[in-house]
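Colleague: If you read the protein sequences in the order shown, they are chains A and B.
Be aware that the first sequence starts at 1325, since it is given in our numbering, and climbs by one per residue.
Be aware that the second sequence starts at 1325, since it is given in our numbering, and climbs by one per residue.
Even glycine gets a Cβ: it sits at the ideal position worked out from N, Cα and C.
One structure, pasted below without further comment.
Protein chains: 2
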Amino acid sequence: MNIQTNKPEKVCPVEVALNIIDGKWKLRILYFLQDRTLRYNEIQEKIPGITQKVLTSQLRQLEKDGILTRRAYAEIPPRVEYSLTPIGKKLITVYKALNVWALEYLDQELVRN
Amino acid sequence: MNIQTNKPEKVCPVEVALNIIDGKWKLRILYFLQDRTLRYNEIQEKIPGITQKVLTSQLRQLEKDGILTRRAYAEIPPRVEYSLTPIGKKLITVYKALNVWALEYLDQELVRN
DNA sequence: CTGAATCCCATTGGATACTG
DNA sequence: CAGTATCCAATGGGATTCAG
C-alpha cells in the first residue's frame, strides 16, 4: 500500500478510534460500564448472546487500548472487576452521538416504508 | 440466539448505526462527500489503498442504507456521481464526535509513552 | 471511465468443552 | 467465578481479470 507515494500513510485519528471501537460488542460493553464497575459475570449477563471467549477477547482489547481497567482479586472464588478509564468514559460521547443519529435514522426509515 | 427467552432481541439503535458505519472505509467516504458530490474516480483517488471491488461494495451498502445517492449518467465516457442524503450528512456529527475523542485519545497516549 | 466477476486468504466471531 | 483451548464458519477485504 502506498508504494512510492509521498503521502506517508498518515493515520487518520478517526481510524484509530474506529479500530478501537471495532468489534461487535465493544460499544455495548462500554455502555454498561459507563457509570459503574462490573464483574465479568455481570457483563456477560447483560449482553445475552456473547460467548465467554469473545467477551474475554473484547475486554482484553479494550484493556490494551486503555479504554478500561481490569482488576483481579486473589480470592476464592476469584473476582475480576472492570471499569472504564477516564478516556474510556469519554467514549460515551461517541456512543451518544451514534445513538442520536440512529434514532433519527430509524425514524425516517419508518417514513420511507 | 435467544431461544425461549422473553427478550425479543430488541435491536439497539446503536447497533443499527454500527452496522451501517461498519466497514473499513465507510466513514472516510462519508467524510469526503460531506460537502460535495464526487465521481467514482475522485473518491478512489482520495482514498489511497482502497480497491475497486471494495469501494464499489461499500458504496453499494451505503446506498442501500440510504446514506448516499448514486446517479449514473448515460454518457460516453460514463459518469457516476455520489452524494450524501440528508440523513447521511447528519452522520458527519458522529464522525466529528469520533474525531474529537480520537484527538484526545492520541494526546493522552503520547503522555502515557 | 466505471464498474462487475472470480478467486483467494486472513481475521473475527461462534460452539463447545475443559480448568485453576 | 473467570476464564482457556479447540475447532469451525462466515465475512471482509485484496489481486486480478473482464466488460459495457
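Run the proximity test for ASP1346/A: is its beta-carbon closer than 7 Å to any non-hydrogen atom belonging to the ligand GTP?
Modeller: The model depicted lacks the ligand GTP and carries no ligand whatsoever.
Colleague: Decide if GLN1382/A is buried, meaning its Cβ has at least 16 other Cβ atoms within 10 Å, or exposed.
Modeller: For this step, residue 1382/A is matched to residue 58 along the first sequence. By the neighbour-count rule (16 or more Cβ atoms within 10 Å), GLN1382/A is buried.
Colleague: Determine the DSSP secondary structure at ALA1396/B, reduced to helix, strand or coil.
Modeller: Locating residue 1396/B in the second sequence gives position 72, counting from the first residue. The answer is strand: DSSP assigns ALA1396/B an E or B state.
Colleague: From this set, LYS1420/A, LEU1434/A, LEU1422/A and LEU1354/A, which residue's C-alpha is nearest LEU1386/A's C-alpha?
Modeller: Counted from its first residue, the first sequence places residue 1386/A at position 62. LEU1386/A has its Cα closest to that of LEU1354/A, out of LYS1420/A, LEU1434/A, LEU1422/A and LEU1354/A.
Colleague: Can you pull the chain B residues whose beta carbon is under 8 Å from the beta carbon of VAL1340/A, in chain order?
Modeller: As a working mapping, residue 1340/A is identified with position 16 in the first sequence. ALA1426, TYR1429 and LEU1430, listed in chain order.
Colleague: Which chain A residues are close to PRO1337/B, counting only those with a beta carbon under 7 Å from its beta carbon?
Modeller: Here the question's residue 1337/B lines up with position 13 in the second sequence. Within chain A, the residues near PRO1337/B are ASN1423, ALA1426, LEU1427 and LEU1430.
Colleague: Taking the alpha helix (DSSP H) that VAL1418/A belongs to, which residues open and close that run?
Modeller: Residue numbering aside, residue 1418/A sits at position 94 when the first sequence is read from its first letter. VAL1418/A -> alpha helix (DSSP H) spans 1410-1436.
Colleague: Using the Cβ count rule (16 or more neighbours within 10 Å means buried), how would you classify LEU1285/B?
Modeller: Because residue 1285/B is not part of the residues shown, which for chain B are 1325 to 1437, the question remains open.
Colleague: Just tell me which of VAL1338/B, TRP1349/B and PHE1356/B has its CA closest to the CA of LYS1413/B.
Modeller: Here residue 1413/B corresponds to residue number 89 of the second sequence, with the count starting at 1. For LYS1413/B, the nearest C-alpha among the options comes from PHE1356/B.
Colleague: What did DSSP end up calling ARG1384/A once you bin it into helix, strand or coil?
Modeller: Here residue 1384/A refers to the residue found at position 60 when the first sequence is read from its first residue. ARG1384/A: helix per DSSP, three-state reduction.
Colleague: Excluding five sequence neighbours on each side, which residues of the same chain lie with their C-beta closer than 7 Å to the C-beta of ILE1367/B?
Modeller: Within the second sequence, the letter at position 43 stands for residue 1367/B. The residues are ILE1353, PHE1356, LEU1379 and TYR1406.
Colleague: Among VAL1435/B, LEU1422/B and ILE1416/B, which residue has its Cα nearest to the Cα of ASP1359/B?
Modeller: What you label residue 1359/B is simply residue 35 of the second sequence in a count that begins at 1. With distances taken between Cα atoms, ASP1359/B lies closest to ILE1416/B.
Colleague: Along chain A, which residues have their Cβ under 8 Å away from the Cβ of VAL1418/B?
Modeller: Along the second sequence, one-based indexing puts residue 1418/B at 94. The contacting residues are VAL1418, ALA1421, LEU1422 and TRP1425.
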